[in-house]
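Per our numbering, residue 34 is the first one in the sequence shown, and the count goes up by one each step.
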Amino acid sequence: MGRDVPALVFTREDRRRYRIKMQECLEVFAQMLRESRFESERPQVGLEIELNLVDAEAEPAMRNTDVLEAIADPAWSTELGRFNLEINVPPRRLTQGGPDAWESEIRAALNHAEERAGTVGTRLIMIGILPTLRQENVGASSLSENARYRLLNDQVFAARGEDLHIEMDGVDRLRTYADTITPEAACTSTQFHLQVSPDEFAAYWNAAQAIAGVQVALAANSPFLFGKELWHETRIPLFEQTTDTRPQEIKAQGVRPRVWFGERWITSVFDLFEENLRYFPALLPLCDEQDPRETLTEGDVPELAELTLHNGTIYRWNRPVYAVAHDRPHVRVENRCLPAGPTVADTLANGAFYYGLTRALVEEERPVWSRMSFRTAEDNLHSAARHGIEARLYWPGMGEVTAPELVLRRLLPLAHRGLELSGMDAAWREPLLGVIEQRCVTARNGAVWQKEMFHRIAASAHTGRHEALRRMTQLYIDYMHLNAPAHTWPVD
């Protein structure tokens, strides 16, 4: 969501100054790219996981402030809803520490947080959308206390001028309205970061866009919203609709949405930041005191605060990021299309597949994005979100095939090769990618398990819909802590 901001009202002068300052930042960024001022060591990877808080009955718990105080670790922070938390796992080299190091680090952090959350009567769950979430749980009172969320909410509705319309059809049909952006808090994700050199950024971003549909098909984990059974990855359309600043008339004019797949393959990271300024008005026009030109001229590293704040209010599924760490600027791809969960084992398998496959695709002589239209990549994403692991996806040289067939025949060997090129030996990568392989062989992932278990409980216990979802969620939490991949979870 970006940095903390004060609560205030913006003037026309604020917006004029902010636009000028953003343009200055963009020009300085272009100069830094020309002068090769960036950290370019690779592969540096990172991870963010968003989680939900529940009580002993697996109902949403609005306690994130209390839980954060109990955890007392700066790696943890609030997210949009009072039932959300986020952990930012420190960046590392992809092959740093051996096969089990990253998993051990993540599990230790999550287990500590779970223990501390228990002291205030809550539990953590990694899942794309909390199945027990009701519409009354996502009103204005559910927004986290940080002022930036209130301000963002106010600015979205000031731009939109009317309530949000949430509409989707799956097994069930959902039609509703919202007078806050809090329904967006239902969407909890896993975000993989990949720091690359500016010269390589375009290739890695294009590769990530090309495989977004495959990623979502394999990892879908969000089939329920407000008690309705909808898409396998309902999180995708929900996020698109709950951050939409466009009323119907503006949509009809072709104005671009703020949750945006994009519209073209790129040739430079600059393309994306330039699009941000060209197409999207500022939601949070807050000017920083730093003069980016003066800072660069003096030999220091500019924060480009206006450019990065604006970038944080444009929700690309693969977001470009400019950041400064240890007094060195870098750029990275922030892969945002995957849901949280179900387990750490599943998360790391998803990461291995993503990092390995993008590396292999970047190394190809004739890259996939030169053989596939950008619109096809976007269509793949939405087909995957709707149908999950059963989706049919287009891939050059194969045509339209099921996601498991595409992965087993074409993409899994590429992911192995990419990890090998990154220095990961077979004994390390095979268990990780073996999870992906078995997901495809069994055609089972988190969304499939949730749907099947919900229907089994509803049929066998003769219970109401919400009670079946609640019992399913309790079982999900139990299996999540066992850390066995979701394709192995029983439903009998």
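For each residue, glycine too, the CB sits at the ideal point set by N, CA and C.
* To do: Would you kindly check if the distance between the Cβ of leucine 86 and the Cβ of asparagine 117 is under 9 Å?
  => yes
* Taking 9 Å as the cut-off, decide whether the C-beta atoms of phenylalanine 257 and arginine 289 are in contact. => no
* Locate the beta strand (DSSP E) running through tryptophan 264, then write down its first and last residues. => It is not in any beta strand (DSSP E) - tryptophan 264 carries neither H nor E in the DSSP assignment.
* Taking DSSP as the reference, what is the three-state secondary structure of glutamine 228? -> strand
* **Segment limits, alpha helix (DSSP H) that includes histidine 198** => Looking at the DSSP string, histidine 198 is not in any alpha helix (DSSP H); the run it does join, the beta strand (DSSP E), is 197–202.
* Closer than 9 Å, CB to CB, is proline 400 near chain C or not? -> Here there is only one protein chain, and chain C is not present.
* **Range covered by the beta strand (DSSP E) that runs through alanine 191** => It is not in any beta strand (DSSP E) - alanine 191 instead sits in the alpha helix (DSSP H) that spans 180–193.
* Between which two residues does the alpha helix (DSSP H) harbouring glutamine 77 extend? -> Run containing glutamine 77: none in the alpha helix (DSSP H); it sits in the beta strand (DSSP E), 77–87.
* Asked: Mind checking aspartate 379: buried by the 16 CB within 10 Å criterion, or exposed?
  -> buried
* Give the straight-line distance between the Cα atoms of glutamine 168 and glutamate 200, rounded to the nearest whole angstrom. => 13 Å
* Return the Cβ separation of glycine 384 and alanine 448 in integer angstroms, given the expectation that the two are a contact with Cβ distance under 8 Å. => With a Cβ gap of about 11 Å, glycine 384 and alanine 448 do not count as contacting.
* Asked: So, valine 292 versus arginine 349, is the Cβ gap smaller than 9 Å?
  -> yes
* Asked: Of all the alpha helix (DSSP H) runs that stay within the bounds of the stretch 330–387, which reach a length of 4 or more residues?
  -> 338–344
* Inspect the beta-carbon positions of glutamine 242 and tryptophan 402 and report whether they are closer than 9 Å. => yes
* To do: Taking only runs that begin and end inside the stretch 443–476, name each unbroken alpha helix (DSSP H) of 4 or more residues, in chain order.
  => 445–454, 459–475
* Helix, strand or coil for glycine 172, going by three-state DSSP, please let me know. => coil
* Candidates Arg365, Glu433, Glu68, Met65: which alpha carbon is nearest glutamine 224's? -> Arg365
* Use the C-beta contact count for glycine 430: other C-beta atoms within 10 angstroms, 16 or more gives buried, fewer gives exposed. => exposed
* Asked: Between the stretch 55–64 and the stretch 296–314, are three or more C-beta pairs nearer than 8 Å?
  -> yes
* Asked: Excluding sequence positions up to five away, which residues of its chain have a Cβ less than 6 Å from the Cβ of valine 524?
  -> Glu485, Met486, Arg489
* Asked: Since leucine 113 contacts tyrosine 182 with CB under 8 Å, what's their CB separation in whole angstroms?
  -> 6 Å
* **Secondary structure of asparagine 516, DSSP reduced to three states** => coil
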